[in-house]
């Protein structure tokens, strides 16, 4: 009888230790996941800046029509930004809607599910929807303004990420340890 009680006690103790270890591991992983989400946002802002620079070059120097320039930009970008440019080119080509600004806004809404960009990031690129009916000079001016804003936003996001990256990872570990200590 005593042996059965001791076996039950040891099994229960092992399960408790396993549960505490799982809590610690899951909180640590949560910290690293949050850190990777922030890193993806910085990478997507960089890719967005690269994409709009490509688009500017296509329009300004090669005199490529907007739809074709968007497709070429889509082919040369990644990190989900390629889908943003491609979807807008597709919508402009299909012309199911007459309002280009609404098409761009719909594209942003659809693409935002794939992207890690914040509402503030999307508000910066929202005025790009007006570009399709403007002349080339005004397109250049709008893209230059957009590039300046994106560069500022990317630099800010990168600076914040550099400051907080280790904090996110450490907080996950510390949160897990805190919960484990409380449960012990």
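In this note's numbering, the protein residues as written are -18 to 165. Even for Gly, the Cβ is constructed at its ideal location relative to N, Cα and C. Because the structure is a prediction, the values reported are computed rather than measured.
- In this structure, the straight-line span from the alpha carbon of residue 156 to that of residue 101 is close to 29 Å.
- Looking at 110, 12, 45, the one whose alpha-carbon comes closest to that of residue 153 is 12.
- 8 Å or more divides the Cβ of residue 48 from the Cβ of residue 117.
- In this structure, DSSP gives residue 76 a state outside helix and strand, which the three-state scheme calls coil.
- Counted as a single uninterrupted DSSP element, the stretch harbouring residue 99 is not any alpha helix (DSSP H), since DSSP gives it neither H nor E.
- Distances from the alpha-carbon of residue 151 to those of -1, -3, 16, -4 put 16 closest.
- Exclusion of the five residues before and after residue 24 leaves 60 as the residues of its chain whose Cβ lies within less than 6 Å of its Cβ.
- DSSP places residue 95 in no alpha helix (DSSP H); its state is neither H nor E.
- Secondary structure of residue 165 (DSSP, three-state): coil.
- In the three-state reduction of the DSSP assignment, residue 142 falls in the helix class, which pools H, G and I.
- Here residue 121 is near residue 37, since their CB atoms are less than 8 Å apart.
- Residue 83 carries a helical assignment under DSSP once its states are collapsed to helix, strand and coil.
- Residue environment analysis places residue 133 among the exposed positions, since fewer than 16 neighbouring C-beta atoms fall within 10 angstroms of its C-beta.
- If you look at residue 107, you'll find it isn't in any alpha helix (DSSP H); DSSP assigns it neither H nor E.
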